[in-house]
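In what follows, a structure is listed as structure tokens, so that the remarks can point back to it.
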Amino acid sequence: MQKIEELMYKRASEMLESGEVDRVIAWKKGETCYDVSPATFTKDNLEGFVYDAFCGANLSKYLVEESKKGGKILVFLKPCDTYSFNQLLSEHRIKRENVYVIGIECQGKIDANKLQKKGIDGILSVEEKGDKLTVKTLYGDKEIAFEEALSVKCETCKSKEFAVSDETIVLNEMRDNREKRFEAVERLEKMTEEERYAFWQAELSKCIRCNACRNVCPACTCTHCVFDNDKSGIAGKANADSFEEKLFHIIRSYHVAGRCTDCGECSRVCPQNIPLHLINRKYIKDMNEFYGEYQAGAAVTALNPIVDFTKEDVEAATVVGGKK
Amino acid sequence: MIKIKVSLLDDLYKKIAETYPLYLPVEVAGEVNYGKYNSDSKVRLDVLKTVKSPKDAFFPQSENLVKFKVDGQKIEVIDVREEAKPFVVMGVRACDYKAFDVLDRVFLVDPLDTYYQTKREAGIVITAACGRPDETCFCTVFGIDPTDPKGDVTTWLVDGYLYWRANTAKGEELTKAVSSLAEETDGKAVDKQKEEVKKILKKLPNADIKPEVFDENMLDLFHDKKWQKLSEACLGCGTCTFVCPTCQCFDIKEFITNDGVNRFRCWDSCMYKDFTKTAGGQPRPTQMQRFRQRFMHKLVYYPKNNGGLYSCVGCGRCVKKCPQHLNIVKVIKAFGGDDNE
Numbered sequence: 005m006q007k008i009e010e011l012m013y014k015r016a017s018e019m020l021e022s023g024e025v026d027r028v029i030a031w032k033k034g035e036t037c038y039d040v041s042p043a044t045f046t047k048d049n050l051e052g053f054v055y056d057a058f059c060g061a062n063l064s065k066y067l068v069e070e071s072k073k074g075g076k077i078l079v080f081l082k083p084c085d086t087y088s089f090n091q092l093l094s095e096h097r098i099k100r101e102n103v104y105v106i107g108i109e110c111q112g113k114i115d116a117n118k119l120q121k122k123g124i125d126g127i128l129s130v131e132e133k134g135d136k137l138t139v140k141t142l143y144g145d146k147e148i149a150f151e152e153a154l155s156v157k158c159e160t161c162k163s164k165e166f167a168v169s170d171e172t173i174v175l176n177e178m179r180d181n182r183e184k185r186f187e188a189v190e191r192l193e194k195m196t197e198e199e200r201y202a203f204w205q206a207e208l209s210k211c212i213r214c215n216a217c218r219n220v221c222p223a224c225t226c227t228h229c230v231f232d233n234d235k236s237g238i239a240g241k242a243n244a245d246s247f248e249e250k251l252f253h254i255i256r257s258y259h260v261a262g263r264c265t266d267c268g269e270c271s272r273v274c275p276q277n278i279p280l281h282l283i284n285r286k287y288i289k290d291m292n293e294f295y296g297e298y299q300a301g302a303a304v305t306a307l308n309p310i311v312d313f314t315k316e317d318v319e320a321a322t323v324v325g326g327k328k
Numbered sequence: 013m014i015k016i017k018v019s020l021l022d023d024l025y026k027k028i029a030e031t032y033p034l035y036l037p038v039e040v041a042g043e044v045n046y047g048k049y050n051s052d053s054k055v056r057l058d059v060l061k062t063v064k065s066p067k068d069a070f071f072p073q074s075e076n077l078v079k080f081k082v083d084g085q086k087i088e089v090i091d092v093r094e095e096a097k098p099f100v101v102m103g104v105r106a107c108d109y110k111a112f113d114v115l116d117r118v119f120l121v122d123p124l125d126t127y128y129q130t131k132r133e134a135g136i137v138i139t140a141a142c143g144r145p146d147e148t149c150f151c152t153v154f155g156i157d158p159t160d161p162k163g164d165v166t167t168w169l170v171d172g173y174l175y176w177r178a179n180t181a182k183g184e185e186l187t188k189a190v191s192s193l194a195e196e197t198d199g200k201a202v203d204k205q206k207e208e209v210k211k212i213l214k215k216l217p218n219a220d221i222k223p224e225v226f227d228e229n230m231l232d233l234f235h236d237k238k239w240q241k242l243s244e245a246c247l248g249c250g251t252c253t254f255v256c257p258t259c260q261c262f263d264i265k266e267f268i269t270n271d272g273v274n275r276f277r278c279w280d281s282c283m284y285k286d287f288t289k290t291a292g293g294q295p296r297p298t299q300m301q302r303f304r305q306r307f308m309h310k311l312v313y314y315p316k317n318n319g320g321l322y323s324c325v326g327c328g329r330c331v332k333k334c335p336q337h338l339n340i341v342k343v344i345k346a347f348g349g350d351d352n353e
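First to last, the protein sequences are chains A and B.
As numbered in our numbering, residues 5 to 328 make up the first sequence, in order.
As numbered in our numbering, residues 13 to 353 make up the second sequence, in order.
This is the structure we're talking about:
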């Protein structure tokens, strides 16, 4: 990744220098190895510019506000991020003419929380050596396979193709894990209704209504969310009872159905590690099976399976059977 | 000091739960948070940090305040407060225990918050010393000793035993209730653990940050240009505020029930767009202003009102949990409070 970072830095400096772009949206290094934040860089100030295995954050959504500010922006997008970008273009949320997209190589991103879950705590630094990670900790050096530390969203990486880009920086072949994409959904489908209810009950009972999933989601771009709107009748700052958090997540998932590109940011940011992406991934699987393969954000289009229909479409209830 | 074999901990929890509702770190769907003990609970005293802090025990995320029963023109006001019965909160870390002090100075001053007071007085707190600090920890910056927290009882988990020391009359009473499971000890193993942990504390990457950089020049700090840059990636979610043991802001809301109105309060977040919104509008219309409010409150306004006590206890939850890695350590360092520079 070091080489990729150097090439990215070079392009960012060149484009800022020549005036082709006014700002660069990329990642900035913080205090610890996993402390990486999205940031805007300008000419003469590329301090902290970084691209490493911790740059999991999807930068597409920042363009909604940034592209309105005027001036030209260079953004670096990983393959999965490009789908979100396209979807936002389809929804007229980003001014395309103001953005220059460089697609960048991604070999999967790792997650510090995952390291902790695997018993590695007191993390001071992480070094990549081939397919292994050496983690320096307060309690000595630990080794772990890169694969083991993959962020949940990368465990089932759906694609290493760029849905959109003006140029790309790719040196090595990128691998995806698309064959694993629906494994977890299939496991849930095989459960009995009671088991599935218990699974979601336990997962969603952890929700603290911090709204991180909603605020990070590139498909959630309403300027005034119904859950923040006192006039909507369903505004809620906290879960008044155990049913409310389910209501929030189900309504949100329905609202982004057909537009969710499965970027996995919802699960990446959840402080309680609720596998929120599985809700929409189930819808994606159903849409694929009932109406034919569809990937939101693969192209800029006005139509998605939820707002488009043909006379041949199946009635979902006749396929899965209604509850008697 | 007494000690209890780790293999007898289930008996200990049962014993306490016979007399008191018991809240302690339990694992649900892979994450550890405070929960009420029952025989099926997967207790995780070994986990350093629960996702949410134990502040829920005294200041729940949502809490009913009063109910109004409406019958035609008649409105009946129903006080939903119950008489407080003693309960036990176990496994509280030194940082989280110090956070109760921060909350007390908000809720136990005039006007007295009786909802909080009732629970605070009824609560018996068993603290847990830290045996394995994390890189995100920086409680020592605020003068906290994680190897010897206070509380009604202090416990240490060392070499297959839970060491137990009563600190107060309430603690003594609890000790009597569990004494059948315990054996006497000289506590040397505890001293050894304390020494080892203290060596680690010195190596913590954030052990030398200086929040004192926020002690002077309030207006200069307020108008500093750095806030813009520091907050630019902020999603405006409430993660930092909801995992924080000292955040104390709440909103009062109502919902309509079949026969009346239920008025409740719930945690609010200064990161939210509608925070402290009034008929006149939102006093902090930009995310930068809201972000600044959080840190100015913790490092400037609160200490100014409370004899210099910061309303951060260095638990490090925000350091680990912010989706975009913006946190109080970064803010303090950005304003020059980094001893390593």
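Note that beta-carbon positions come from the ideal geometry of N, C-alpha and C, so glycine has one too.
*Per DSSP, B/GLU39 is paired with what?*
B/VAL44
*Using a cut-off of 7 Å between C-beta atoms, extract the partners of A/CYS214 located in chain B.*
CYS249, GLY250, THR251 and PHE254
*Might you give, ordered along the chain, the residues of its own chain that have their beta carbon closer than 6 Å to the beta carbon of B/GLU353, omitting 5 neighbours on each side?*
Low per-residue confidence applies at B/GLU353: pLDDT is 43, beneath 50, and the placement is therefore not dependable, though the value from the model is reported in the following sentence. None.
*asked:* Need the endpoints of the alpha helix (DSSP H) that B/PRO158 sits in, please.
replied: Here B/PRO158 belongs to no alpha helix (DSSP H), and DSSP marks it neither H nor E.
_Paired residues, beta bridge with B/MET308 - DSSP_ = Beta-bridge pairing links B/MET308 to no other residue.
_Judging by CA-CA distance, which residue of B/GLY42, B/GLU195 and B/ARG304 is the nearest neighbour of B/LYS342?_
B/ARG304
*Residue from B/GLU133, B/LYS61, B/LYS79 and B/ASP113 whose Cα sits closest to the Cα of B/GLU412*: Because chain B is modelled from 13 through 353, residue 412 of chain B falls outside the range shown and cannot be assessed.
*Taking Cβ positions, are B/LYS333 and A/PRO275 nearer each other than 8 Å?*
yes
_Test: A/SER257 CB closer than 8 Å to a CB of chain B_ = no
*Looking at C-alpha atoms only, which residue of A/LYS73, A/PHE89, A/GLU207 and A/GLU198 is the closest neighbour of A/HIS253?*
A/GLU207
_Give me the chain A residues within the contact set of B/GLY42, using Cβ-Cβ distance strictly less than 7 Å, ordered along the chain._
ASN277
*Report the neighbours of B/LYS237 on chain A: residues whose CB is nearer than 8 Å to its CB, in chain order.*
Within chain A, no residue comes near B/LYS237; the closest Cβ sits about 13 Å away, beyond 8 Å.
*Beta-carbon proximity list for A/ALA149, same chain, < 7 Å, skipping 5 on both sides*: ASP135 and LYS136
_Classification of A/VAL28 by the beta-carbon crowding that lies within 10 angstroms, buried from 16 upward_ = buried
*Residue burial classification, A/GLY23 (beta-carbon count within 10 angstroms, cutoff 16)*: exposed
*For B/ARG275, which beta-bridge partners are listed by DSSP?*
B/VAL78 and B/GLU266
*For the region 115-159 of chain A, list the beta strand (DSSP E) runs that are entirely contained and at least 3 residues long, ordered along the chain.*
127-133, 136-141 and 144-149
*So which of B/SER74, B/GLY320, B/ALA245 and B/GLU88 has the shortest CA-CA distance to B/LEU338?*
B/ALA245
*B/PHE71 and B/GLN260 look like a contact to me (Cβ under 8 Å); what is the Cβ gap, rounded to whole Å?*
7 Å
*Of the listed residues B/PHE287, B/ILE87 and B/CYS151, nearest to B/GLY248 (C-alpha basis)*: B/PHE287
*asked:* Under DSSP, the beta strand (DSSP E) around A/ARG15 begins and ends at which residues?
replied: A/ARG15 -> not in any beta strand (DSSP E); alpha helix (DSSP H) instead, spanning 6-22.
*In terms of residue numbering, what span does the alpha helix (DSSP H) encompassing B/ASP23 cover?*
21-31
*Starting from the C-beta of B/TYR109, find all residues in its chain whose C-beta is less than 7 Å away, skip the five residues before and the five after it, and write them out in chain order.*
VAL137, THR139, PRO161, LYS162 and GLY163
*Contact set for A/PRO279: own chain, Cβ-Cβ below 6 Å, skip 5 residues either direction*: SER271
*Determine the DSSP secondary structure at B/TYR109, reduced to helix, strand or coil.*
helix
*Beta-bridge pairing of A/GLY107 - partner residues as DSSP gives them*: A/LEU81 and A/THR172
*In the DSSP assignment, find the unbroken beta strand (DSSP E) run with B/GLY135 in it and report its ends.*
135-140
_Rounded distance between the beta-carbons of B/VAL44 and B/VAL63, thought under 8 Å_ = 7 Å
*Going by beta carbon distance, what residues of the same chain come within less than 8 Å of A/LYS328, once the five residues before and after it are set aside?*
Annotation note: pLDDT 44 at A/LYS328 (below 50); position unreliable, coordinate value reported separately. Here the set comprises nothing.
*asked:* I'd like the ranges of any beta strand (DSSP E) spanning at least 3 consecutive residues and lying wholly in the region 195-250 of chain B.
replied: none
*Could you work out which residues of chain B lie near A/THR138, taking near to mean beta carbons separated by less than 7 Å?*
Within chain B, no residue comes near A/THR138; the closest Cβ sits about 16 Å away, beyond 7 Å.
*How is the beta strand (DSSP E) around B/TYR173 delimited, first residue to last?*
173-178
*For A/GLU147, count neighbouring Cβ atoms within 10 angstroms of its own Cβ and tell me buried if that reaches 16, exposed if not.*
exposed
_Measuring only the C-alpha atoms, how far is B/ARG177 from B/LYS310?_
32 Å
_Given 8 Å, three or more beta-carbon pairs between the region 54-74 of chain A and the region 105-114 of chain A_ = yes
_Please list, in chain order, the chain A residues whose beta carbon lies closer than 9 Å to that of B/ARG144._
ASP125, GLY126, LEU142 and TYR143
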